[in-house]
Amino acid sequence: MMLIPCPWCGPRNETEFHYGGQADVAYPSDPQSISDEDWAHFLFFRDNPKGIFTERWSHAAGCRRWFPVRRDTVTNEIHPDDSARAARTVTR
């Protein structure tokens, strides 16, 4: 079991969350003008590092908000992420 710290609700079981993939992936500025190959690369190719990685998670069974989580992909250990706390103060 993994406890994920929701910035709004506090630590909760991983079963309450949905994984959203790699954080900070920029959406193409003009998706109509890129090739099918580039579009496929945007949709399907993500980094898959061994170690600490910033991901997006949604607290689907709670506040339903998206936030970044820094997780070690080897141990599943969650590391503090100041941007999640900052997001909480801005959107409240």
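Following our numbering, the numbering of the sequence shown begins with 49 at its first residue and continues without gaps.
Glycine is no exception: its CB is placed at the ideal position from the N, C-alpha and C atoms.
No experiment lies behind these values; they were computed from the predicted model shown.
Run the CB neighbour count on residue i, radius 10 Å, all protein chains shown included, and call it buried at 16 or more, exposed below.
i	result
His107	buried
Asp129	buried
Val117	buried
Trp87	exposed
Phe65	buried
Pro76	exposed
Phe115	buried
Are the beta-carbon atoms of residue i and residue j separated by less than 8 Å?
i	j	result
Gly58	Glu103	no
Asp120	Ile100	yes
By the three-class DSSP mapping on this structure, what secondary structure does residue i have?
i	result
Glu85	helix
Asp129	coil
Thr123	coil
Pro116	strand
Phe90	helix
Pro76	coil
Identify which residue in the options has its Cα closest to the Cα of residue i.
i	options	result
Thr63	Trp56, Ile52, Arg113	Ile52
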